[in-house]
Amino acid sequence: MIFPSSEKSIFYWFIGFLSLPLVAECNKIRLVGPSRCSGRVEVFHQDSWGTVCDDNWGLSNAEVVCREVSCGTVVEAKTVAFFGQGKDQIWLDDVHCTGHELSLMKCRHRPFGENNCGHGEDAGVICSENLRLLNGSDSCRGRVELYRNGHWKRVCSTQWGEKEASIICQELHCGLPDLSQTGKLLFGAAAREGGVKTSCAGNETSFSKCGHEELREVCVDATVVCSNNKPIRVVNGTTRCSGRVEIYHAGQWGTICDDHWGMHEANVACRQLNCGNAVAVKYKAFYGMGTDQVWMDDIDCTGRENALAECPHRGFGDSDCDHNEDAGLVCSESVRLINGTDRCSGRLEVFHNGQWSKICNTNWGMDQAKIVCREIECGAPQQLHETLNFGDSGAQRGYTASCSGSVDSISQCRIQENRGSCDGVFLSCADVQPLRLVNGTDRCSGRVEMLHDGQWGTVCDDMWDIHEAEVVCRAMDCGSAQTVKTSAFFGQGHGNIWLDDMNCLGNESSLLHCQHPSFGENNCGHGEDAGVICSANIRLNNGTDLCSGRVEIYHNEMWSAAVNVNWGMTEATVICREMSCGDAVSVSESGSHNGLLGGVKVSCSGRESIITQCSLQQYTRTGSGHLGQASVVCSGDVKLLDGPNRCAGRVEVYNKGQWGSVCGESWDLNDASVVCQQLKCGNEHSISTSSNYGPGSGRVWVDQIECSGRETAISQCPQRPFVDRTCNITSLAGVVCSDSLNVRLAEGSDSCSGRVEVLSGEVWATVCDADWTLEKAEVVCEIIECGNAISAPGGAHFNPGTGLVIDSSNTCFTNRATLQHCAKNGFKTSTCAHERDAGVVCAATIRLVGGSNSCSGRVEVLHKGQWGTVCDDDWSLSNAKVVCQQLGCGQELSAPTSAHFGRGEGPIWLDNVECTGEEVALSQCKHPNYGINNCGHSEDASVICFGALSKPQLTLSTGPEVNWGDRVEFTCTVMTEQLGGTFVLSNSQGSLKMERFSEGEAAVFVFPKVNFTQKGSYFCEFKKKVQSQVFSFPQSNVVDLSVKMKLEKPSITLTSPHAMLIYSPDKLTVKKGDSFFITCSVHSTYPGGYFYLTKSNTSRSEPKAAFGHSIFYMANFEFPSIQYEHQGLYSCIYALNISSQSFCSDASKTIQVTVVDGSSSSTVSGIIAGVVVLVIVLVIGYMLWRRRRWGAGTMVTFSNRLDGAIQQNMDERKNRPLDDSRVHGAQTRHEFSRVLEDKSEDVNLDNTVEGVHEDLAGRVCYELEPLVTP
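In my numbering, the protein residues as written are 15 to 1284.
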């Protein structure tokens, strides 16, 4: 084509203008990584770079990125921040590309900045840097181009062979080259002349390392077809195109999990299997369970991919399924429709002689069309080929089909090759929806019924929610789903219940494409029939929510745009009222339909209840004037009133044309979640049910609202009356959404940990970690109701934030009130960079309920002011260990499941908790997040702890100081509910260890006769054996035992052999030459001792062995002829040798002995004689009396009244060792010691000892008539 110069310049300008959008688009994406063609994907939006979330990220998305950044063939799509975590915004999420888009921005995705991800989910790609294959049906085949000197150049087939093809397939991870097809298939030709001639040795690791030579002459493009090492197969099916789907990876076959398995995935698999159209998908190991690996899970295909491996999925081998969830499919085996607008239209091909070929329209008629439509389960033929065109196959030859009789498949007809060229058959089947709504108020409401095996049946309401309703409304050509109905709201159906446990994503075109058990498999009755209410007359498109958008009206049995002619608030009021969307906020004209040719003109008074009561007229644009489509923004059907801001307050719902409060008796966090999301107020934080925000002024809606949490509007939640009672209308539902708080946590592992962000005026800001303390973090945890702060990390521990940074001043973080004050009036700006952003980790309070004590029971967690349970999925002893430690309940004993201590109430806060056992709090363990679970209270987790291992108490039956030979008892007592264990008594020297088993709380250790070897410090321990594990309690307190020898003070008496008198005067005067005895006696429990007689505290006699029995011992010291040198002050001392130690008592009372000359006055003699006679008479009488009472041999003792009775005060007497230097007769002492040791074994220390009193008669005898006058 030749242009004049002026036209040529215009042409070039026009071409350049068209290329501007593409250039601009290319500048909006980059890869941050080790090379120009591999790295983290980042896009440019609103003057800043941000990342892309890896949700639904797959090879189709990566293919678009590689092409957009001018790189080669896609090699891998990377997830979970493979190239490191990005910063700032996450701009894109849920990106769905077909692989053919020119830019990632052109792919379907959420609005910019809207995501549910953290930077740990940043997406990445690996593209071939120097190599790409073009025009192939997948990334492993096509025409070869090489990136060289800054440009892509074609590779010529000159000297092209197996070595070159092998290196390319290896570099692209595509297996081995298929030499049978390489060079035979055509993939187009490059537009430029010249190319690159390549020569490889075969050992290169990259195609770029081969030898390359520039060619200027014309050459044929080199092509390659790699085998692609991810083939699939079907197993255990009834045909070659049905069965369990398996994929080959890493040298072995494995299955595919049925999570997210649907018709899109089945279409890709059928195409990859070289089968026809997908007819059905199968779940729950319909074709039997596989073995070995489950290779793929959560596959999300668009349906246009060439292989399952190209669809987004978790990653090979990453699955949470077992073989009970193996996926299967049914493809048509011998017929398919291609290039159609849906699965039931397209160009007809049949599988004949091992290949797909077109059917010629020669002799093609309605009978053959009916067979094909019925075979692919698409109803009846809709139109004939004359009005359709789905393209030609390019093949000159085709086949004709001649059918006769009753056949079920086109393959049963006579298939013959057509001679010469022919036109193909273009077919469109009706795709009759086997679905209807019964007993509703209009065509878009009622009980859902399905047609199967020629019979209508109902759908059970188990798992029935808004996602299933969206599918039904779309299939019935209705507007948006308004409400789901359960419990046979539209009456009970009859016949079969075809479907149960439906699990739709919401974007399916039919309920049959949703995951569900086999037809007829259910556990329901017709009292559980499911229903829906769809918008019958209105639908709003491309709005920000269900209550805004472009208006379409169902008029004259078709959907038409509402034109912006005389469109105003009165019309919008009726629209909002009928859609249950509250009040009309604004109206406008849509800017996206400037070329609207016509539609429906709407005129309302504003009082109509439905749009069909308004005036509706068809309207056609005249001339070249502008005609726009009407749009509306409604307030929505829910709002929060009388709270501190729009995101907290009493719940008000718009229903039946008026606002009303909601009964709070059945209000829960799922309901609150829907409200907060609908109001764009973040997540639900807490709920109230006690009229915290006032009584309201309107009516109270008394039905139970039962949201699943997946709905996008409160109106979509099921509602039902209370069964056995009426609502207490003083209980009103209230909600606090997360955006109503002045603080939030970002990028943590759960909602109670993360980077601290505070609201400063109207702007969210991070906090500098300078002066950031645990006390300040505690204020944050208190506000968000997440328990106690256990750490306050700084240094951007939870990744750097963006925007403003404020100081953590004491004036703002003292308590809740000061923080709220600063949030309203503004914080002090900090000079910190975001690398110093502060964070917090809060630990939820826990308790054990329903057990026998505070250390056993059902685990409950306090979160956002409400107690909730923990699901037993993944519950283990490691989890129980953390619980017991957090509660101070000692060691874990068991981790019961299945509501062992009864079912709890309220929310199930935690699920899939996985502890290592080293965490300080249960909420620190790995778990999805608060409130995320798939459990009921029959799965509540429990814990049994040993209890706090209290310290035993050791007590002594006597004081710490005991006498040798006493009975001593140690009592070890432990306070525990785990009774029955072994008590151990030990001394600190390690020489003694005694064990006692006791079923009670104490054990007694007895020393019948304590000795000196047993003195020292003692402690006790308690050990309890439970389930072959021994638990040792802490060591008790220490008790000291001191053993001593306390000898009683002896008595001293005089004995006159002539008068046979025994008496104990203080002073005694005797005649020189007289004889008498001094008797030393003692009451003692220690036998085998001896006595000393001391004179004037200066000299001692030889020891005399004590004799006696029981507890009374004595010895006599004889003075046969007393002399002057014998006079002096006498006293007795009792001595004893025990355990190689000598002990002696205190000295007895003293007797002063004075020696006088033998001559005396007759008067004195007479008096003495008289006294003697009187004493003798009294003594004889007393002795006779004693003999009759106690028997012969008993001694009578006397005491001086002036002296008083002998006092036996044990505490005032002192022991003192015997001075061996003053003792004579060592042999005697040794003998006494031996006798003591021999006798000590026979002494019964348990006997009660009574003191022996001196005889009153003896005292009287002495007092009446002293022998010698002092």
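The C-beta atom is built at its ideal place from N, Cα and C for all residues, glycine as well.
Note that the structure is predicted; figures quoted are calculated from it, not measured.
task = Can you tell me which of the three DSSP states residue 227 falls into?
result = In the displayed model, residue 227 falls within a strand according to three-state DSSP.
ask   = How would you label residue 1325, buried or exposed, when you count the other beta carbons within 10 angstroms and need 16 or more for buried?
value = Nothing can be reported for residue 1325, as the shown portion of the chain is limited to 15 through 1284.
key: Secondary structure of residue 1138, DSSP reduced to three states   = Residue state, collapsed to three classes: helix.
message = I'd like to know if the region 127-138 and the region 334-341 are in contact, where contact means that at least 3 CB-CB pairs between them fall below 8 Å.
response = Too few Cβ pairs lie closer than 8 Å, so no.
Length-filtered (3 minimum) beta strand (DSSP E) runs lying within the region 636-671 = Counting only runs of 3 or more, we get 643-648, 652-659, 662-669.
inquiry  = For a minimum of 3 consecutive residues, which ranges assigned as the beta strand (DSSP E) are wholly contained in the region 151-203?
reply    = Within the region 151-203, the complete beta strand (DSSP E) runs of at least 3 residues fall at 155-162, 165-168.
task = Identify, in the order they occur along the chain, each residue of the same chain with its Cβ nearer than 7 Å to the Cβ of residue 140, setting aside the five sequence neighbours on each side.
result = Spatial neighbours of residue 140 in its own chain (CB-CB distance under 7 Å, excluding positions within 5 residues in sequence) are listed in chain order as 52, 89, 90, 92.
ask   = Which runs of the alpha helix (DSSP H), 4 residues or longer, sit entirely within the region 733-807?
value = Counting whole runs of 4 or more residues, the region 733-807 contains the alpha helix (DSSP H) stretches 788-797.
task = Classify residue 691 as helix, strand or coil using the three-state DSSP reduction.
result = Taken through DSSP and simplified to helix, strand or coil, residue 691 comes out as helix.
7 Å Cβ shell around residue 1177 - same chain, five flanking residues per side excluded = Low confidence applies here, because residue 1177 scores a pLDDT of 43, under 50, leaving its location unreliable and the question unanswered by this model.
ask   = Is the beta carbon of residue 1087 less than 9 Å from the beta carbon of residue 1150?
value = Pairing residue 1087 with residue 1150 gives a Cβ-Cβ distance that is not under 9 Å.
request  = Put residue 369 into one of helix, strand or coil per three-state DSSP.
outcome  = It is a strand residue.
key: Bounding residues of the alpha helix (DSSP H) (the contiguous stretch that carries residue 839)   = Per DSSP, residue 839 is one residue of the alpha helix (DSSP H) stretching across 830-839.
query = Beta carbon of residue 443, beta carbon of residue 392: below 9 Å?
reply = The answer is yes: Cβ separation under 9 Å.
Exposure label - residue 730; buried when at least 16 CB within 10 Å = Counting the other Cβ atoms within 10 Å of the Cβ of residue 730 gives 16 or more, which makes it buried.
For residue 216, the nearest candidate out of 244, 182, 1125 (CA to CA) = Selected option, being the one with the closest Cα: 182.
request  = Sort 957, 935, 882, 903 by Cα distance to residue 915 and report the nearest one.
outcome  = Between residue 915 and the set 957, 935, 882, 903, the nearest pair of CA atoms involves 957.
Neighbour-count burial assignment, residue 499, 16 or more Cβ in a 10 Å radius = Counting Cβ neighbours within 10 Å, residue 499 comes out buried, since at least 16 surround it.
request  = Go ahead and label residue 469 buried or exposed: buried means 16 or more other beta carbons lie within 10 angstroms of its beta carbon, across all protein chains shown.
outcome  = Exposed, by the Cβ-count rule.
Touching by the beta-carbon criterion (3+ pairs, under 8 Å), the region 736-744 and the region 670-681 = Touching, per the Cβ criterion.
request  = From the DSSP output, in three-state form, read off residue 222 for me.
outcome  = Note: residue 222 maps to helix in three-state DSSP.
query = Taking the continuous beta strand (DSSP E) assigned at residue 1155, which residues delimit it?
reply = Unbroken beta strand (DSSP E) run through residue 1155: 1155-1158.
inquiry  = Buried or exposed, going by whether 16 or more other CB atoms sit within 10 Å of the CB of residue 1248?
reply    = At residue 1248 the pLDDT is 38, less than 50, meaning the model places this residue with poor confidence and gives no usable figure here.
query = Where does residue 861 fall in DSSP's three states?
reply = Strand at residue 861.
inquiry  = Residues in the same chain with beta-carbon distance under 8 Å from residue 328, minus the five sequence neighbours each way, listed in chain order, please.
reply    = Cβ neighbours of residue 328 beyond the five flanking positions: 310, 311, 312.
key: residue 596 versus 628, 562, 289, residue with shortest Cα-Cα distance   = Closest by alpha carbon: 562.
message = According to DSSP, simplified to helix, strand and coil, what is residue 718?
response = Looking at residue 718 - three-state DSSP - the assignment turns out to be strand.
query = Given that a residue counts as buried once 16 or more other Cβ atoms are within 10 Å of its Cβ, and exposed if not, what is residue 570?
reply = The residue in question, residue 570, is exposed, as its Cβ has fewer than 16 Cβ neighbours within 10 Å.
task = Count the other CB atoms, across all protein chains shown, that sit within 10 Å of the CB of residue 301; report buried if there are 16 or more and exposed otherwise.
result = Counting the other CB atoms within 10 Å of its CB gives residue 301 a total of 16 or more, which places it among the buried residues.
message = Using 8 Å as the cut-off, can you tell me whether the region 611-629 makes contact with the region 566-582, which would need three or more C-beta pairs spanning the two stretches below that distance?
response = Result yes; three or more Cβ-Cβ pairs closer than 8 Å.
ask   = Where do the N-terminal and C-terminal ends of the alpha helix (DSSP H) with residue 266 fall, by residue?
value = No alpha helix (DSSP H) holds residue 266; the beta strand (DSSP E) holding it covers 266-270.
task = Quick one: using the 10 Å Cβ neighbour count with 16 as the cut-off for buried, is residue 1090 buried or exposed?
result = Its Cβ being crowded by 16 or more others within 10 Å, residue 1090 is buried.
task = To the nearest angstrom, report how far apart residue 1278 and residue 1119 are at their CA atoms.
result = Residue placement at residue 1278 cannot be trusted, given a pLDDT of 32 that sits under 50; the coordinates are not used to answer.
key: Contiguous beta strand (DSSP E) assignments of at least 3 residues, all confined to the region 292-354   = You should have 292-296, 308-310, 342-345, 349-352.
message = Using 8 Å as the cut-off, can you tell me whether the region 1019-1036 makes contact with the region 1115-1133, which would need three or more C-beta pairs spanning the two stretches below that distance?
response = No, they do not touch.
message = By alpha-carbon positions, which one of 652, 640, 237, 380 ends up nearest to residue 156?
response = The option with the nearest alpha carbon to residue 156 is 237.
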